[in-house]
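What follows is one structure encoded as structure tokens, with my remarks underneath.
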Ligand code: PGA
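Numbering (this note's numbering), first residue to last: 446 to 698.
The structure is reproduced here in structure tokens:
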């Protein structure tokens, strides 16, 4: 049995006005207060982080950001650095999401710099990795994921990675309704853990949470969470309503 506390993380992507964000954050906060033994995080768009922070204040919900720029405060028009996120009450920062890799053109070394900036600011990176359908069908899943891990964590010492969270998000499963089977998810999560054990050490690998992301919903979360190496979920579409996300937060019921 794992001692890792499951983390259910809602990635709101580019959704929610201030009023909508307050309402959703409030609802998630109530659901999180009623759930035991699970950590809950929401990552609103930057524009709504402060409103969401006020809505969840005093409750158990942690705040995440969907992006960060890897520098200190300075002349980077349009960007947000880790110190400013910490000042908002953010704890987690999602890094390496496939939408940023493929739509915004972020490469592994930029992602690595972001992870370093997040750790330096005392925040926790949620590092996303995952293969495309083409790569999976070509039998290249392990090679692609390991390449992303190696590059995204290049130069890091074990001691710097205690608060790292991994997220395995196969691109073909994101927003498609096509979830990875629990067995497929488990196989990739076990591979990631074993890679982390080789790269760092077994004790760190066993302590780090590996989230699954890709069309997670209230109907499939229980079977995914039954896998020994699945330690939570990074949820997009089903994090956008209180009802859907509550069903995920309460996966044990
Ligand atoms: P989805 O998105 O749950 O809508 O598939 C997951 C993600 O992109 O993190």
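Ideal Cβ placement from N, Cα and C applies to all residues, glycine included. Since the structure is predicted, the reported quantities are computational estimates derived from the model, not experimental observations.
Query	Result
Please give the ranges of any alpha helix (DSSP H) in the region 515 to 554, keeping only runs that are unbroken, at least 4 residues long and fully inside the region.	527 to 533, 543 to 547
From the DSSP output, read off the bridge partner residues of residue 677.	452
Locate the alpha helix (DSSP H) running through residue 655, then write down its first and last residues.	Residue 655 -> not in any alpha helix (DSSP H); beta strand (DSSP E) instead, spanning 654 to 658.
DSSP three-state call for residue 669: helix, strand or coil?	helix
Excluding the five sequence neighbours on either side, which residues of its own chain have a C-beta within less than 8 Å of the C-beta of residue 505, listed in chain order?	474, 477, 478, 484, 485
I need the DSSP call for residue 572, collapsed to helix, strand or coil.	strand
Please classify residue 509: does DSSP put it in a helix, a strand, or coil?	strand
DSSP state of residue 607, grouped into three classes?	coil
In terms of residue numbering, what span does the beta strand (DSSP E) encompassing residue 487 cover?	484 to 488
Just mark residue 532 as buried or exposed, buried being the case when its beta carbon has 16 or more other beta carbons within 10 Å.	exposed
At the level of alpha carbons, what is the spacing between residue 617 and residue 578?	5 Å
Please report the distance separating the alpha-carbon of residue 470 from that of residue 693.	15 Å
Can you tell me where the alpha helix (DSSP H) holding residue 592 begins and where it ends?	586 to 597
Please state whether DSSP places residue 612 in a helix, a strand or coil.	strand
Residue 560: beta carbon under 7 Å from a heavy atom of ligand 1?	no
Should residue 619 be counted as a contact of ligand 1 given a C-beta to heavy atom distance under 7 Å?	yes
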